[in-house]
Amino acid sequence: MTQETAVLSAKREMALESSAVRKVFVKTYGCQMNVYDSDRMTDALARDGYVATDVMEDADLVLLNTCHIREKAAEKVYSALGRLRELKKKKAGEGREMMIGVAGCVAQAEGDEILRRAPAVDLVIGPQTYHRLPEALKRVKRGERVLETDYAIEDKFEHLPAPDKAKTRARGVTAFLTVQEGCDKFCTFCVVPYTRGSEVSRPVAQIVSEAQKLVDGGVREITLLGQNVNAWHGSGPNGDKWGLGELLHRLSEIDGLARLRYTTSHPRDMDDSLIAAHRDLPQLMPYLHLPIQSGSNRILKAMNRRHTTAEYIALIARIKAARPDLALSGDFIVGFPGETDEDFADTLRLVETVGYAQAFSFKYSTRPGTPGAELDDQVPEDVKANRLERLQALLLKQQHAFAEQCVGKTIDLLLEKPGRMPGQLIGRSPWLQSVNVDAKSSQIGDIISVRITGTGPNSLFAEVVS
Ligand code: 5AD
Ligand code: SF4
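In this text, residue positions in the sequence shown follow our numbering: the first is -17, and each later residue adds one.
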């Protein structure tokens, strides 16, 4: 081979390599904010020629986007990494390389430990540095094991690609949009202030532009996300600070954006303008996730929630006065250190008083580094399990009662995706319930009027109202 042909063939090889389709498999654990981040990471990687795959075995890069909120969630990561190590070995035997990356809150909290415990991991990347992912992968290619868990000084959202039309279409007619990250509340059970850092709000212009792009891609319903979303205070066009109520007003002006939601909120950040938005904006859905965590004032104090049950109940009354058809969802923790039978009975009483359409409940999980972990008087596992069972039975009863009282009502339904039966679609009610109805797939994205005819274990049935 002459020198010239050697150079040519090397060039051809490089061209082939850069044009070769690389596949990324992303596994998302935890909350909706991780779902949003996984999509943004996939989009950032698409710029580098990666396409998403649902088949882990086919992937050149496997990314685990992890959750650290409870011990069980964090443990899942290490068992997944054990399985991935075997897959990586098998693929190496076949001459195929596979990179393994860990992202999300476990990456942020336990980055060094992951690299130590899991030698197959090539890359650990925290939630504030996702925009550096393509660069980090280049370093991995050069043989480095990369740890990127600084709180980035730059705004990751400025660097991550905004959703494009084609991908948005493929992802459906509802979308998440993160407007705020981090938390300054420091509830004593919670790792979020440590893993996601202090509160950061995205500016109005960035959010509006992203919302517009989503709508251009066919999205009809946007859920604004934040660890403490109603603490959002972003810069307006003139550098002035806006609150979430004002942001919702601005977003409601976008043509074609039919529905708005936001989650998760803290009771102390429900200000007057946000409550008024529930009265004034028909686009704002009558469903609010407003966790209280416990019904005992003693435990709320120990949790550093900085509100009482009476304040919470009064707040709900104010929001319901603004929007009478509002339904509530919440989060509860049972077995926080020092929780007595009487405290737990207070939680059951609070649930009876409020009445939830849906709620999530968890056994307290000790998180290293949080003040709760230092408390004496940890509650035994069997007591926690028993309380959780009783609380969940009550919450499930309320959820069914809420579904039952929808029967016979005529409601607006956003048609979302194909149902299980041919000729059937699944839609979303204003209260976030899945509703099965006979409709054509060309109607996906439409909002139609339906009458609820019955309930199933996890969904409702409806007929079209002509
Ligand atoms: N143990 C159990 N549940 C927790 N949550 C947060 N931290 C813990 C913990 N250490 C729950 C809270 C929160 C939800 C996202 O997870 O209820 O609202
Ligand atoms: Fe955690 Fe929510 Fe409390 Fe913040 S407000 S510390 S995210 S539970």
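Ideal placement from N, C-alpha and C gives every residue a C-beta, glycine not left out.
Note that the coordinates shown come from a computational prediction; the quantities given were computed from them, not determined experimentally.
- Contiguous beta strand (DSSP E) elements confined to the region 65 to 120 occur at 81 to 85 and 105 to 107, taking only those with 3 or more residues.
- Not a single heavy atom of the ligand SF4 lies less than 7 Å from the C-beta of GLN381.
- With respect to the C-alpha of LEU397, the residue from ILE426, CYS388, GLY390 and GLN162 having the closest C-alpha is ILE426.
- Every beta strand (DSSP E) stretch that sits fully inside the region 216 to 258 and reaches 3 residues is listed by chain position as 241 to 245.
- Of the other Cβ atoms in all chains shown, fewer than 16 fall within 10 Å of the Cβ of GLY390; this residue is therefore exposed.
- Within a 10 Å sphere around the beta-carbon of ARG241 sit 16 or more other beta-carbons, which makes this residue buried.
- Within its own chain, the residues whose Cβ lies closer than 8 Å to the Cβ of LEU97, once the five positions on either side in sequence are excluded, are VAL103, VAL106, ARG127 and LEU129, listed in chain order.
- Taken through DSSP and simplified to helix, strand or coil, ALA56 comes out as helix.
- Boundaries of the beta strand (DSSP E) harbouring TYR32: 32 to 34, taken from the DSSP string.
- The nearest non-hydrogen atom of the ligand 5AD is 7 Å or more from the C-beta of ARG287.
- In this structure, DSSP gives SER180 a state outside helix and strand, which the three-state scheme calls coil.
- With a cutoff of 8 Å on beta-carbon distance, ILE189 and LEU229 are scored as near each other.
- Residues of the same chain with a CB within less than 6 Å of the CB of LEU282, apart from the 5 flanking positions on each side, are SER276 in chain order.
- Under the DSSP assignment, PHE326 falls in the alpha helix (DSSP H) whose first and last residues are 323 to 336.
- Straight across, the Cα-Cα distance linking ALA309 with VAL3 is about 47 Å.
- Annotated three-state conformation of LYS167 is coil, per DSSP.
- Residue pairing by DSSP puts ASP394 in a beta bridge opposite SER431.
- Counted as a single uninterrupted DSSP element, the beta strand (DSSP E) harbouring SER311 occupies residues 309 to 316.
- In the three-state scheme derived from DSSP, where H, G and I count as helix and E and B as strand, ILE426 is classed as coil.
- LEU63 and SER431 have their C-alpha atoms roughly 47 Å apart.
- The three-state reading of DSSP puts ASN47 in strand, counting E and B together.
- Listed in chain order, the non-local C-beta contacts of THR24 below 7 Å within the same chain comprise VAL6, VAL8 and ALA34, local neighbours out to five positions each way being set aside.
- In summary, GLU321 is buried, with 16 or more beta-carbon neighbours lying within 10 Å of its beta-carbon over all protein chains present.
- Spatial neighbours of ARG22 in its own chain (CB-CB distance under 6 Å, excluding positions within 5 residues in sequence) are listed in chain order as LEU142.
- Under the three-state reduction of DSSP output, THR156 falls in the strand class.
- For GLY436, same chain residues with a beta-carbon under 8 Å away, outside a window of 5 residues either side, are VAL389, LEU442 and PHE443 in chain order.
- A straight-line Cα-Cα distance of about 39 Å links ALA375 and ARG151.
- Scanning its chain for C-beta atoms nearer than 7 Å, with the 5 sequence neighbours on each side dropped, one finds around CYS169 the residues MET285, ASN286 and ARG287, in chain order.
- By the Cβ rule, the region 378 to 389 counts as touching the region 335 to 344, because three or more pairs are nearer than 8 Å.
- Take the alpha-carbon of GLY354 and the one of PRO319: they are about 7 Å apart.
- Between GLY83 and the set ARG121, GLN14 and LYS54, the nearest pair of CA atoms involves ARG121.
- Here ILE408 carries a strand assignment [DSSP, helix/strand/coil].
- At a threshold of 7 Å, LYS167 counts as near the ligand SF4, since its beta carbon sits closer than that to one of the ligand's heavy atoms.
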